[in-house]
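Trainee:
Protein chains: 2
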Amino acid sequence: MTQIDRPSAMPSAMHWARWGDPAKAHPVSESMRGLVEAFLGPLEDRPPVPRADVRLPEVGLEDAHLAALRGLVGDEHVHTDHDWRVARTRGKSTPDLLKMRAGDGSDAPDAVVRPASHDDVAAVVRWCADEHVACVPFGGGTSVVGGLAARRDGYAGVVALDLRRMTRLVSVDEVSGMATLGAEQPGLEAEALLAEHGLTIGHFPQSFQYASIGGFAATRSSGQSSAGYGRFDSLVMALRVATPLGDLVLGDSPANAAGPDLRELVLGSEGAFGVITEVTLKVRPVPVVKVYEAWRFPSFTAGADAMRHLAQGRVMPTVLRLSDEAETAVNLASPDAVGSASSGGCLMITGYEGTQEQVDRGRAAATAVLSDLGGESLGEDAGRAWSEGRFEGPYLRDSLLDVGVLVETFETVTFWSNLENLYASVKSAIEANLTEQGTPPLVLCHISHVYETGASLYFTVAAKELEDGLAQWLPAKAAASDAIIATGSSITHHHAVGRDHKPWLAQEIGPVGVEMLRAVKERIDPHGVLNPGILVP
Amino acid sequence: MTQIDRPSAMPSAMHWARWGDPAKAHPVSESMRGLVEAFLGPLEDRPPVPRADVRLPEVGLEDAHLAALRGLVGDEHVHTDHDWRVARTRGKSTPDLLKMRAGDGSDAPDAVVRPASHDDVAAVVRWCADEHVACVPFGGGTSVVGGLAARRDGYAGVVALDLRRMTRLVSVDEVSGMATLGAEQPGLEAEALLAEHGLTIGHFPQSFQYASIGGFAATRSSGQSSAGYGRFDSLVMALRVATPLGDLVLGDSPANAAGPDLRELVLGSEGAFGVITEVTLKVRPVPVVKVYEAWRFPSFTAGADAMRHLAQGRVMPTVLRLSDEAETAVNLASPDAVGSASSGGCLMITGYEGTQEQVDRGRAAATAVLSDLGGESLGEDAGRAWSEGRFEGPYLRDSLLDVGVLVETFETVTFWSNLENLYASVKSAIEANLTEQGTPPLVLCHISHVYETGASLYFTVAAKELEDGLAQWLPAKAAASDAIIATGSSITHHHAVGRDHKPWLAQEIGPVGVEMLRAVKERIDPHGVLNPGILVP
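Residue numbers (my numbering), protein chains in the order written: chain A, 26 to 562; chain B, 26 to 562.
1) For residue 332 of chain A and residue 511 of chain B, I'd like the C-alpha separation in whole angstroms.
2) For the stretch 316 to 348 of chain B, list every residue whose C-beta sits within 7 angstroms of some C-beta in chain A, in sequence order.
3) Since residue 322 of chain A and residue 350 of chain A are thought to touch, with beta carbons under 8 angstroms apart, how far apart are those beta carbons, to the nearest angstrom?
4) To the nearest angstrom, report how far apart residue 30 of chain A and residue 47 of chain A are at their CA atoms.
5) Looking at C-alpha atoms only, which residue of B:60, B:112, B:376 and B:475 is the closest neighbour of residue 75 of chain B?
6) Along chain B, which residues have their Cβ under 7 angstroms away from the Cβ of residue 268 of chain A?
7) Less than 8 angstroms between the CB atoms is what I'm expecting for residue 154 of chain B and residue 552 of chain B, so what's the real figure, rounded?
8) Tell me whether the stretch 535 to 551 of chain A and the stretch 266 to 276 of chain A touch, counting them as touching only if at least three CB pairs, one residue from each stretch, are closer than 8 angstroms.
9) Quick check: the stretch 257 to 265 of chain A against the stretch 280 to 293 of chain A, are there 3 or more CB pairs under 8 angstroms?
10) Return the residue from the list A:421, A:284 and A:255 that minimises the CA-CA distance to residue 225 of chain A.
11) Would you kindly work out how many angstroms separate the C-alpha atoms of residue 449 of chain B and residue 457 of chain B, rounded to a whole number?
12) Which residues, taken in chain order from the stretch 189 to 205 of chain A, show a beta carbon closer than 9 angstroms to some beta carbon of chain B?
13) Can you find the residues in the same chain that come closer than 6 angstroms, C-beta to C-beta, to residue 360 of chain B, ignoring five residues on each side of it along the sequence?
14) DSSP puts residue 157 of chain A in a beta bridge; with which residues?
15) Could you check whether the Cβ of residue 293 of chain A sits closer than 6 angstroms to any heavy atom belonging to the ligand ZN?
16) Tell me, please, whether the stretch 396 to 410 of chain B touches the stretch 206 to 213 of chain B by the rule of three or more beta-carbon pairs shorter than 8 angstroms.
17) Rounded to the nearest angstrom, what separates residue 151 of chain B and residue 174 of chain B at their Cα positions?
18) Kindly indicate if chain B contains any beta-carbon less than 7 angstroms away from that of residue 225 of chain A.
19) From the DSSP output, which residues share a beta bridge with residue 301 of chain B?
20) Closer than 8 angstroms by beta-carbon distance: list the chain B residues that pair up with residue 534 of chain A, in chain order.
21) Please report how far the alpha carbon of residue 114 of chain B lies from the alpha carbon of residue 249 of chain B, in whole angstroms.
22) Applying the criterion that 16 or more other CB atoms from any shown protein chain within 10 Å of the CB defines a buried residue, is residue 339 of chain B buried or exposed?
23) Using DSSP with H/G/I as helix, E/B as strand and the rest coil, what is residue 143 of chain A?
24) Over what stretch of residues does the beta strand (DSSP E) that includes residue 579 of chain A continue unbroken?
25) Measuring alpha carbon to alpha carbon, tell me which of A:192, A:176 and A:163 ends up nearest residue 185 of chain A.
26) DSSP three-state call for residue 88 of chain A: helix, strand or coil?
27) Would residue 181 of chain B count as contacting chain A if we go by Cβ distances under 7 angstroms?
28) Let's see if you can read the secondary structure: which residues bound the alpha helix (DSSP H) around residue 529 of chain B?
29) Under 7 angstroms, Cβ to Cβ, is there at least one residue of chain A near residue 527 of chain B?
30) Would you verify that the beta carbon of residue 559 of chain A is, or is not, closer than 7 angstroms to some beta carbon of chain B?
31) Specify, as a first and last residue, the run of the alpha helix (DSSP H) that residue 39 of chain B falls within.
32) Residue ranges of each alpha helix (DSSP H) run of no fewer than 4 residues wholly in the stretch 287 to 361 of chain A, ordered along the chain?
33) At a CB-CB cut-off below 8 angstroms, which residues of chain A make contact with residue 378 of chain B?
34) May I ask you to report which of helix, strand or coil DSSP gives residue 261 of chain B?
35) Would residue 9 of chain B pass as a contact of residue 501 of chain B if the rule is Cβ separation under 7 angstroms?
36) Answer with buried or exposed for residue 363 of chain A, where buried requires no fewer than 16 other C-beta atoms within 10 angstroms of its C-beta.
Encoded structure:
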């Protein structure tokens, strides 16, 4: 059984080679192991190296550089020791984890710098521009697209700008229904602070316990309750950003016609145009009532059609997701299964939050549509089971990696009329690639987010890991990404671009779109020190 | 009485010096005249010059240029005669009208060029870049912010790119609930085409009968039913744009995390980054039922508070607007008054559209909130009266200009907690300025658009026109604009930037924001031929 390193006393966003809090991790259960072995064959232990064995590049920054950084943020907030550097290396994609588990720390920063304020950030950003030092904003460290692996070549060094000291509730505007938060407030802490005012953001992605408010904005995150509360980008009313050119403060109104909406240029900019230091968000009253309910549909197509009718009839639950037949079968086969394995079909989760009256009204309207379109309610217990387990997925991935099962997720989005085509194309592309490599995969999918005009697909892929898991996964992912672009869909619905999706982003937005991004990048960050190599093709 | 020139046989978006269709115009009624004279003193006729007397600059384009343009779009689609040039000069702001009425045609294009397709537009745009000819996209010609008065200096000439031949329904995607339209389809025609499919855009600004789909996108228009259907920019799913660098095609999904949303950079770009040729819009079923209802609130503050509760409780009617005390009084004093003049308070219009069930559900929920918060229903007749007269305002402006009354409108938007401050500041700024000039104005205001976090204010100002109405109005508008920016609000909610708002846009987005716009402009349009002088500070 794999030994899990416990973190040191440093304020760490996450374990260096695993998801989240190792205290919450546990090895795969015997029943799960049996289930996986039935699909993929016998498993074998593949433990990570100990943290001390992770190979880091020499600290490239000169002593004078480090002294200057200490002058900007204080001696005790600049770190160059092994453990700090390891803990701020890369994000949490499976490729990231595979590299860390193998002891490859080649993307480590030279130093971890921890500013305490907007002015600190602005000073470090200016200093990085002047000294040609690459600057990687590091919030929760939950990127799954290579968003934290900046290019080193040609720079005097790389600093990770660890923003965990910048966590405060700056202000609450109860009349307008808005709150301003320090950008590096983790979602979980932000919700706790706002709950004291009876307010909620309602943004609950799987990374919610760790990822930061600034990170959500920089990557256009979307949460499990986005049907009701909205995507994170749609909640952002104002932004404060430190750039090499100076401060950028945007957002004076819900919406306006004062030219292009520059907020939308900062949202999704992944640290490449500036470091977001404060975010003003739309907030809502903490819901009095939360009800989750599971439904069964005869097929993925039938369930998706019902979702479309909900969205287009504008009777949206707060939570709405639908597993395909394969994901439903795996779910039903697990120990805490919903319903029984023999029941088949596709599982839909609905959730309703608000006042009792809002919940009753919304649920009645949705129930009418879902029943009409072939749905069968499985009741609230089944819904609650989903709700309680919903942040656990990434822990299971670690446990499976520990026994030689390669697991990764990715996602995409398109308009409704293209959804079946997208689903079939991606599924067959990744199945074909991994099967050709001799590791036929298990491919699961669910619709994770629903809009009036379209929906997102979230894929989970599991295969027996070959000796070089990275060399096995990258072409499979590329095949899936090619299929996504070939169908005219987006390379990412809520995971962002990072380094991993950059070639496909270029295809998605075309050469003129690429020039728009480059023009802004080169003007705002003329020395190219902000998260170099990320986002901009 | 002022003689109204009838348009020639040319396909004209609008009368050259007045709003809309002159057949629908009529002089101010005796009762209206009496009402206005009671406020502003005796009136006098101020007729416009005849069209033939409008002074135009010499055609600056060389014969070789004109021949080249004829080669690109066909001989019969390049016009340099007086009437065509006059009809494509400027938009319909009061300053625009005052100039035209005085015979000042100095902003006229050298030629009006009428492409028939995206490829035609792309060819003309490339040609303009090569020949350093300024290119002004001209749709409905309804700009009220100087968006059609490009800078001439330093260019080989100016062409108005008249897009009225590009009017077709390209495709309908019934499953996704979307339609693709030629960008220059006027709103009225677009609705007629979509109605054949049982669909509607639901975008009804005051300019709806004339302004074009591309213009709505380029200026981030917002309509009278935006509470229900959404702002125009929120309806745009995809865009096709011709730029000097080549084609830009954006939009593959309702929303995604593939970097900054570049659609939001084209929306509001006012022809400065490219010419929008096709727009894919979210569309909805034509409503079966439409109900309008008027309400009275004891004060503007009480009515605004009720609107805020509707928006934040997410029980939004399709139409929602509220007049302040002054606008309500003028409305009540008019011949088709709602209620009686003695009733006072503030008038709110609500509208509900959809299926009978949606209308009933929405109306019941809204009625509960409005009644609870001090509203008194004035019934459906009063609501219908508003609905029927809602496109007539600009005709009344012309009739008042004919008798020496200066009338103009402008608008702004802010968050709820700042709304009273914004209202008081702007009202007192413009009142003070015009009073100092010896022409104390009548200032009316209504809340025209409502969001969860804020609302827009739409001001109407009337004053006795001095000899130089333009010199009278511009400092008054500047005082109002200064007040808007001083309160931290936006210089425009739905009228856009053009030339008129540019200095205030620069203050609103700050120097780094300005650099972002400039960077994109200079990269996409390196010779600066696209609508020069517009938008980009």
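We put the beta carbon where it would ideally sit given N, CA and C, even for glycine.
Since the structure is predicted, the reported quantities are computational estimates derived from the model, not experimental observations.
Mentor: In short:
1) Along the first sequence, read from residue 1 onward, the residue named residue 332 of chain A stands at position 307. Along the second sequence, read from residue 1 onward, the residue named residue 511 of chain B stands at position 486. So the two alpha carbons sit approximately 46 angstroms from each other.
2) 337
3) One-based indexing of the first sequence puts residue 322 of chain A at position 297. One-based indexing of the first sequence puts residue 350 of chain A at position 325. Contact doesn't hold; Cβ gap of about 10 angstroms is too wide.
4) One-based indexing of the first sequence puts residue 30 of chain A at position 5. One-based indexing of the first sequence puts residue 47 of chain A at position 22. Below a pLDDT of 50, predicted positions are generally treated as unreliable, and residue 30 of chain A, at 41, falls in that range; the measurement from the model is reported next regardless. Using only the alpha carbons, I get a separation of about 8 angstroms.
5) Here residue 75 of chain B is taken as the residue at index 50 of the second sequence, counted from 1. Nearest option by C-alpha distance: B:112.
6) One-based indexing of the first sequence puts residue 268 of chain A at position 243. Simply 537.
7) Numbered from its first residue, the second sequence carries residue 154 of chain B at position 129. Numbered from its first residue, the second sequence carries residue 552 of chain B at position 527. Indeed they touch by this definition, with Cβ atoms about 5 angstroms apart.
8) yes
9) yes
10) Working through the first sequence from its first residue, we reach residue 225 of chain A at position 200. Distance check between residue 225 of chain A and each of A:421, A:284 and A:255 places A:255 closest, using alpha-carbon atoms only.
11) Locating residue 449 of chain B in the second sequence gives position 424, where the first residue counts as 1. Locating residue 457 of chain B in the second sequence gives position 432, where the first residue counts as 1. Using only the alpha carbons, I get a separation of about 12 angstroms.
12) Using a CB distance below 9 angstroms, the part of the stretch 189 to 205 of chain A facing chain B consists of 198, 199, 200, 201, 202 and 203, ordered along the chain.
13) Against the second sequence, residue 360 of chain B aligns to sequence position 335. Since pLDDT at residue 360 of chain B reaches only 49, below the 50 mark, its modelled position is unreliable, and the value read off the structure follows with that caveat. So the list reads 56, once near-sequence residues are dropped.
14) If you number the first sequence from 1, residue 157 of chain A lands on position 132. Partner(s): none; residue 157 of chain A has no beta bridge.
15) No copy of the ligand ZN appears in this structure; indeed no ligand is present at all.
16) no
17) Residue numbering aside, residue 151 of chain B sits at position 126 when the second sequence is read from its first letter. Residue numbering aside, residue 174 of chain B sits at position 149 when the second sequence is read from its first letter. Rounded to the nearest whole angstrom, the CA to CA distance from residue 151 of chain B to residue 174 of chain B is 21 angstroms.
18) Translated into positions along the first sequence, residue 225 of chain A becomes position 200. No - not a single Cβ of chain B is within 7 angstroms of the one on residue 225 of chain A.
19) Translated into positions along the second sequence, residue 301 of chain B becomes position 276. B:266.
20) Position 509 of the first sequence holds residue 534 of chain A. In chain order: 275, 283, 284 and 287.
21) By one-based count along the second sequence, residue 114 of chain B stands at place 89. By one-based count along the second sequence, residue 249 of chain B stands at place 224. Rounded to whole angstroms, residue 114 of chain B to residue 249 of chain B spans 27 angstroms at the Cα level.
22) On the second sequence, residue 339 of chain B is found 314 positions in, with the first residue counted as 1. Exposed: under 16 other Cβ atoms inside 10 Å.
23) If you number the first sequence from 1, residue 143 of chain A lands on position 118. Note: residue 143 of chain A maps to helix in three-state DSSP.
24) Because chain A is modelled from 26 through 562, residue 579 of chain A falls outside the range shown and cannot be assessed.
25) Here residue 185 of chain A is taken as the residue at index 160 of the first sequence, counted from 1. Checking every option, the nearest Cα to that of residue 185 of chain A belongs to A:163.
26) Translated into the one-based positions of the first sequence, residue 88 of chain A becomes position 63. It is helical.
27) For this step, residue 181 of chain B is matched to residue 156 along the second sequence. Chain A contact via Cβ: absent.
28) Here residue 529 of chain B refers to the residue found at position 504 when the second sequence is read from its first residue. 527 to 549 is the span of the alpha helix (DSSP H), which, as asked, contains residue 529 of chain B.
29) Numbered from its first residue, the second sequence carries residue 527 of chain B at position 502. For residue 527 of chain B, the answer is no, since every Cβ of chain A falls outside 7 angstroms of its Cβ.
30) By one-based count along the first sequence, residue 559 of chain A stands at place 534. No, residue 559 of chain A lies away from the interface with chain B (no Cβ there is under 7 angstroms from its Cβ).
31) What you label residue 39 of chain B is simply residue 14 of the second sequence in a count that begins at 1. Residue 39 of chain B -> no alpha helix (DSSP H), and no H or E assigned at all.
32) 288 to 291, 325 to 337 and 350 to 358
33) Translated into the one-based positions of the second sequence, residue 378 of chain B becomes position 353. Those within 8 angstroms of residue 378 of chain B in chain A number zero; the least Cβ separation is about 12 angstroms.
34) Counting from one through the second sequence, the residue named residue 261 of chain B turns up at place 236. In this structure, residue 261 of chain B counts as strand in the three-state DSSP scheme.
35) Given a span of 26 to 562 for chain B in the structure shown, any question on residue 9 of chain B remains unanswerable.
36) Taking the first sequence and counting its residues from 1, the one referred to as residue 363 of chain A is at position 338. Its pLDDT being 47, under 50, residue 363 of chain A is placed unreliably by the model, and nothing is read from it.
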